[in-house]
Amino acid sequence: RALTIQKEDDGWTLTEPYAWPANTFAVERILTQLQFLDTKVSFETNRLGQAGATLADYGLAPPDLTLEFGKGENRYKIGVGNATAIGNHLYILSFDRKQIHVVDRSLLDSLSIDIESLRNPRVFKSSIFEVSSWNFQLRDAGNLRTRITKSDDQWALETPIRARADSIEVNTMLGRLLELKNLRIVEPAPVDLSIYGLQEPFLTIVVESDQSREALEIGDQVDADDESLRFAKLENRDSIFELEIGYLTELENAQSNLRDRHIFEIDTAHASSISFDREGSEAFALQMLETGEWEILIPDPQQGIIREKGSKEAIDDALGWLNNVKAFATSSKSGFEHDAPTNTDLERYRLEVPEFSISVVSNRLRDDSEKIEPPKVETLLFGDTDPEDESLRYVKLNDVVFVYLVSNDNLELILDQPFQYRDRHLYDLPKDAIITQASISRLSNGDQLLDATLEDGNLPIELADALNPLRVKSYLNENYASNVQILNKQQPWAYLLKATFEWSSAESAQSKEIELYISELTGGPLLAGGSIEKDSVFEFRQTFIDAFSAIAFDRVKRDVPDQPFDPSNPLPANEGESEAATVE
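The sequence shown begins at 1412 in our numbering and counts up by one.
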């Protein structure tokens, strides 16, 4: 059979026995062999009779293989005959039939390539960087068409709804589609497309760029037991081929799978203010100053607005959680609850008059490095819990129609009380302040666990470092109380720590004594503290917990063993500790 390869504007193409892009590497190999063809021996055909030989003796009448090549009207045809009796060579007949050449057998190897290897297996020619839009249409979904377009490297869903797309998910799916392979040609020139389910394709995928448009039509299953193996064809080519596509379900659910699940359209990491409004509770706001610091603004009937220094750490954490509030998918729900809710729907979700809302002002959109002027305000409305799953809650943006389901676990991590955003430096002391005295007593019996001074040289360094400056991990209550809730149980304070700070000013020496009430340490990494002066209850950081525990519980850090713990070889007791009893 004849194989014809022709060079077109977009590369080499098989034109016979069917039209299909050729494997460029295979074609280039043939061209290289021809370009560097080295003749070992040549002799004239008109002298064959003198030696009692004919062209047939060399496999050249007719040739086993005929190669025709050329450009434009200039065509050359050579015949390839038998292999030589000695050496790895073969005979070829020149295009004017006047000479027989002996050449290297590698030419035959390059020409003997089968058509499957000569055909480019890729279905699409486009690369992922060239594609500016793509769409697909499913017959079984009422010919629902999903279209995704790109602008400034960001993907967006255009149909069936206009919404942000998840660029990572889109690029992943598009990359898989562009790597689809033509497994084999089934029918080069089909008469009836309906036999293959291609009269009305099951799925049509269209990939577009500035320079081209490629459309793949996918029909019926090749094997009734294998849904992924399908008949297919390209819109501009007749040939029907086999195609394996094992992610049809993902394409069917592309409207949710490829959609951006983030709720906020702005980038909250660049927020300049946040406002909290809860029904039946005081509203408050967080405002960034020109210095980059934050302050808490609390409305007050007498004073107008009370301003407190805010914690950048706490606010950054809250903005991070807000940035990651996403539509939450379960086995039965996509997380995209409603794309066109009515007022009745919003009332059912309790989003018509929401119980709680958070407004964020930012000068950046998500995944965009350019500032926007003026900054954009987005308000997240919190609705009711899902009656079928109370771990999920309905939310929406005030100016966007979509209703989402999000995880309550994530929402509960967002602090919603003003005291929780207070500056986490408990005391505002000069930088040159030092601790000169510290004591710790047990409140239940008055036992003195520590009474140390800088002058005596017995002041624990770790405790001094943890207290100066003292940064709390978080605030647990708005006001000081005489007891604290530990493990869901109210308990009185267990210890009292007193510390004296001293520093020098321009006028005279200054000092300040602080008092901290401390809870009993739980089995977990939680140690609570209270300050009457600061009217607060808070959680200590780990550095303070370690320093305090070493004093209150006489804990000594062990060296990390070189090998994993071996029960048959227990760790040696520290000095002052008694050996554990062994029970057999």
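Using N, Cα and C, we set each Cβ at its ideal position, and we do this for glycine too.
Residue pairing of Met1699 in beta bridges, as defined by DSSP: Trp1705. Under the Cβ criterion (8 Å, minimum of three pairs), the stretch 1736-1748 counts as touching the stretch 1659-1672. Where Thr1741 is concerned, there is no enclosing alpha helix (DSSP H), because DSSP gives it neither an H nor an E.
By the neighbour-count criterion, in which 16 or more other beta carbons inside 10 Å mark a residue as buried, Lys1451 falls on the exposed side.
Fewer than three beta-carbon pairs drawn from the stretch 1713-1728 and the stretch 1793-1808 are found closer than 8 Å, and the two stretches are therefore not classed as touching. Scanning Val1817, Leu1414, Val1618 for the CA closest to the CA of Trp1431 turns up Leu1414. Contact annotation: Asp1678 and Leu1776 have beta-carbon atoms nearer than 8 Å. Its Cα nearest to that of Leu1938, the residue Ile1897 stands out among Ser1922, Gly1498, Ile1897, Leu1501. If you draw a 10 Å sphere on the C-beta of Leu1854, you find fewer than 16 other C-beta atoms in it, and that means exposed. Judged by pairs of C-beta atoms under 8 Å, the stretch 1613-1624 touches the stretch 1544-1559, as three or more such pairs exist. Here Gly1794 carries a strand assignment [DSSP, helix/strand/coil]. His1836 has Arg1882 as its beta-bridge partners, per DSSP. The beta-bridge partner set that DSSP reports for Ser1818 consists of Leu1803. In the three-state reduction of the DSSP assignment, Pro1712 falls in the coil class. Rounded to whole angstroms, Thr1753 and Glu1427 show a C-alpha spacing of 59 Å.
Ala1875 sits away from Asn1869, with the two beta carbons spaced by 8 Å or more. When C-alpha distances from Pro1532 are compared across Val1602, Ile1503, Ile1579, Arg1595, the shortest belongs to Arg1595. Thr1495 sits in coil when the DSSP states are folded into three classes, being neither helix nor strand.
Per DSSP, the beta-bridge partners of Asn1546 are Arg1558, Val1617. The DSSP-derived three-state label of Asp1520 is helix.
Under the DSSP assignment, Leu1659 falls in the alpha helix (DSSP H) whose first and last residues are 1659-1663. Excluding sequence positions up to five before and after Ala1877, its CB lies within less than 6 Å of the CB of Thr1954, Phe1955, Ala1958, all in the same chain and listed in chain order. When DSSP states are grouped into helix, strand and coil, Trp1904 belongs to the coil group. Annotation: the continuous beta strand (DSSP E) that includes Phe1642 extends over 1637-1645.
A check of alpha carbon separations from Ala1729 across Val1788, Asp1636, Glu1823, Tyr1906 identifies Glu1823 as the nearest.
In the DSSP annotation of this structure, the continuous segment of the alpha helix (DSSP H) that includes Ala1729 starts and ends at 1723-1734. Secondary structure note for Phe1955: its alpha helix (DSSP H) is the uninterrupted segment 1953-1963.
DSSP places Ser1686 outside any alpha helix (DSSP H); the residue lies instead in the beta strand (DSSP E), whose first and last residues are 1682-1689. In this structure, DSSP gives Phe1447 a state outside helix and strand, which the three-state scheme calls coil.
The three-state reading of DSSP puts Ala1600 in coil, since its state is none of H, G, I, E or B. With distances taken between CA atoms, Pro1612 lies nearest to Glu1628 out of Glu1628, Ser1947, Ile1572. Per the Cβ contact rule, the stretch 1827-1840 is in contact with the stretch 1878-1893 (3 or more Cβ pairs under 8 Å). Following the DSSP letters along the chain, one finds Leu1501 inside the beta strand (DSSP E) bounded by residues 1500-1504. Between the C-alpha atoms of Arg1516 and Leu1522 there is a straight-line separation of about 10 Å.
Going by DSSP, Glu1676 is part of no beta strand (DSSP E) at all; its letter is neither H nor E. For Ala1467, the three-state secondary structure derived from DSSP is helix.
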